[in-house]
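Report on one structure; see the data block that follows.
Numbering (our numbering), first residue to last: 97 to 510.
Okay, structure coming up:
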């Protein structure tokens, strides 16, 4: 089996444009990372799939995009200002929330960069209910950046100071939280399988009371076996009515829910599935990384599934110095890109080098336009018009090639 090390992952991620060190030309900044062209596509594929599955395909979910900077009273009410801290080596507690200021001079106030996206959901609970009157149970979902002044950021993008969350607050009746908790626990495993994480590396672990967040009554972490050990990938917490009750008391605004059928009014309880996109990207790179020998040559490749692969297919002209091949390849490339935007053009180097490059970035299919595509019997296989408007498509994982019609390409790749 391939030995997957962090050195291999970090090297490939930078070399192939997935993830770069933040502010690298100035010596970097600890705990910050920049996503390159392929990293952005990979992240967006994961986020779009998550949004479609957990928001757009469901009837019980609504979306939100709340501000990063909130009134500081919201973070005081939620307990983050007082309790969101890590111990230092001298035994003192260090609050990991980033502070900044709003306003100028004597009118400036201290505010916080949000340490989690959940806060914006809770303070908008009443707005969403008043606008849409959703029936319980229902969820509010959000994708966005969060910030924590980590004392010791480490392990590549696993623990950083700026990260992105895909988070849901699922509101339920107080007596129905266990059912919802169990369903979301299963949903996290299903999503892991959907995006192509190695299920043999996935473990779900009950979090002990002393290790749970201050707002949680029960937590289960979905953990992943990274090269540096088994660590938290995603979280699942039962937050009771802690947040809505705290915000109602601090703000003086009624945040209870009225059941319009029974007339009952109460504060809903909350089950929170939280997915970290950066840790997910890292887990995917680890799951997909593979080494083998193909055609007598060693190669490294990423076996992404098609749903998340940053490039779905690459189009080549057999020879880049033959205008007729280039023109036909450009035609095929343009046709595919209309339906499948994540198509790459590649004419750099010989065919073998192109294959290796595409394998290393995880492209599932390579499409080659040759003289047979043009129906030229004198320079192709000699079969003339019988192969006209067909191309060679190569499978990344097996290296096998077959000829298929140009007209079937889009459906084949999709």
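Virtual Cβ for every residue (Gly too), placed ideally from N, Cα, C.
- For residue 512, does the count of other Cβ atoms within 10 angstroms reach 16, so buried, or fall short, so exposed? Given that the chain is displayed from residue 97 to residue 510, the structure contains no residue 512 and the question cannot be resolved.
- Message: Going by DSSP in three states, residue 207 sits in which element: helix, strand or coil?
- Response: Per DSSP, reduced to three states, the secondary structure at residue 207 is strand.
- Message: Considering only the alpha carbon of each residue, which of 285, 279, 459, 440 lies closest to residue 376?
- Response: Closest option to residue 376, Cα to Cα, is 285.
- Item | Inside the segment 385–452 only - beta strand (DSSP E) runs reaching at least 3 residues | With a minimum length of 3 residues, the continuous beta strand (DSSP E) runs that stay inside the segment 385–452 are 385–390, 393–398, 409–413, 439–441.
- What do you reckon, are the CB atoms on residue 160 and residue 281 nearer than 8 angstroms? Going by C-beta atoms, residue 160 is not nearer than 8 angstroms to residue 281.
- Item | Three or more C-beta pairs below 8 angstroms linking the segment 260–277 and the segment 352–366 | Pairwise C-beta distances place the segment 260–277 in contact with the segment 352–366, as three or more of them are shorter than 8 angstroms.
- Task: Give me whichever residues DSSP pairs with residue 258 in a beta bridge.
- Result: According to DSSP, which records beta bridges pairwise, residue 258 is partnered with 243.
- Please state whether DSSP places residue 467 in a helix, a strand or coil. Residue 467 falls in the coil class under three-state DSSP.
- Query: Going by alpha carbons, who is nearest to residue 116 out of 409, 133, 101, 102?
  - Reply: Closest in C-alpha terms to residue 116, from the list 409, 133, 101, 102, comes 133.
- Query: Should residue 216 and residue 162 be called a contact, given that it needs their Cβ atoms to be closer than 8 angstroms?
  - Reply: Between residue 216 and residue 162, the gap from beta carbon to beta carbon is short of 8 angstroms.
- Can at least three beta-carbon pairs, one atom from the segment 136–145 and one from the segment 163–170, be found at a separation below 8 angstroms? Taking 8 angstroms as the limit for Cβ pairs, the verdict is that the segment 163–170 does not touch the segment 136–145.
- So, is residue 348 buried or exposed, given that buried needs 16 or more other C-beta atoms within 10 angstroms? When all chains shown are included, residue 348 counts as exposed.
- Message: Excluding the 5 residues flanking residue 385 on each side, which residues of the same chain have their C-beta closer than 7 angstroms to its C-beta?
- Response: In the same chain as residue 385, and ignoring 5 residues on each side of it, the C-beta atoms closer than 7 angstroms to its own belong to 98, 100, 104, 105, 398, in chain order.
- Task: Give me whichever residues DSSP pairs with residue 362 in a beta bridge.
- Result: Bridge partners of residue 362: 353.
- Task: Please determine, among 486, 352, 269, 204, the residue with the shortest C-alpha to C-alpha distance to residue 224.
- Result: Measuring from the Cα of residue 224, the nearest candidate turns out to be 352.
- Message: On a Cα-Cα basis, can you pick out the residue from 394, 260, 310 that is closest to residue 330?
- Response: Nearest C-alpha to residue 330 among 394, 260, 310: 260.
- Message: Between the alpha carbons of residue 435 and residue 313, how many angstroms are there, rounded?
- Response: Cα to Cα, the separation comes out at about 47 angstroms.
- Of the residues 245, 494, 253, the one placed nearest residue 395, counting alpha carbons only: Of the listed residues, the one whose Cα sits closest to residue 395 is 494.
- Three or more beta-carbon pairs under 8 angstroms between the segment 407–416 and the segment 428–447, yes or no? Contact holds: three or more Cβ-Cβ distances are below 8 angstroms.
- Task: Throw me the rounded Cβ distance for the residue 422 and residue 487 pair, which I believe falls under 8 angstroms.
- Result: About 14 angstroms separates the two Cβ atoms, so there is no contact after all.
- Message: My parser needs the beta strand (DSSP E) runs of 3 or more residues fully inside the segment 258–323; what are they?
- Response: For the segment 258–323, whole beta strand (DSSP E) runs of length 3 or above, ordered along the chain, are 258–268, 298–302, 314–322.
- Apart from the five residues on each side of it in sequence, which residues of its chain come closer than 7 angstroms, Cβ to Cβ, to residue 221? Setting aside the 5 residues that flank it on each side, residue 221 is surrounded in the same chain by 340, 351, each with a C-beta closer than 7 angstroms to its C-beta; the list follows chain order.
- Within the same chain, show all residues whose beta-carbon is closer than 6 angstroms to that of residue 288, passing over the 5 residues directly before and after it, in chain order. Result list for residue 288: 298, in chain order.
- Message: Could you compute how far the alpha carbon of residue 373 sits from the alpha carbon of residue 420?
- Response: Approximately 44 angstroms, taken between the alpha carbons.
- Pick out the complete beta strand (DSSP E) segments inside the segment 159–193, 3 residues or longer, and give them in chain order. Note on the segment 159–193: whole beta strand (DSSP E) runs with a minimum of 3 residues are 181–183, 189–191, in chain order.
- Is it true that the CB of residue 254 sits closer than 8 angstroms to the CB of residue 211? Cβ atoms of residue 211 and residue 254: not closer than 8 angstroms.
- Are the Cβ atoms of residue 450 and residue 444 separated by less than 8 angstroms? With respect to residue 444, residue 450 sits close: the two C-beta atoms are nearer than 8 angstroms.
- Query: So residue 130 is in the beta strand (DSSP E); what residue range does that whole segment cover?
  - Reply: Where residue 130 is concerned, the enclosing beta strand (DSSP E) stretches over 129–131.
- Query: What three-state label does DSSP hand residue 484 in the structure shown?
  - Reply: Of the three classes helix, strand and coil, the one that applies to residue 484 here is coil, per DSSP.
- Answer with yes or no whether the minimum CB distance from residue 286 to chain C is below 8 angstroms. Included in the structure is just one protein chain, with no chain C present.
- Item | Member of 108, 296, 214 whose CA lies at the smallest distance from the CA of residue 240 | Across the set 108, 296, 214, the C-alpha of 214 shows the shortest separation from the C-alpha of residue 240.
- Message: What would DSSP say about residue 202, mapped onto helix, strand or coil?
- Response: Helix at residue 202.
- Of the residues 235, 194, 152, 230, the one placed nearest residue 357, counting alpha carbons only: For the residues 235, 194, 152, 230, the minimum Cα distance to residue 357 belongs to 230.
- Query: Tell me, which residues are paired with residue 490 by DSSP?
  - Reply: Per DSSP, the beta bridge partners of residue 490 are 462, 497.
- Please state whether DSSP places residue 148 in a helix, a strand or coil. Note: residue 148 maps to helix in three-state DSSP.
- Message: Using CA atoms only, rank isn't needed, just tell me which of 461, 164, 269, 491 is closest to residue 432.
- Response: Among 461, 164, 269, 491, the Cα nearest to that of residue 432 is on 461.
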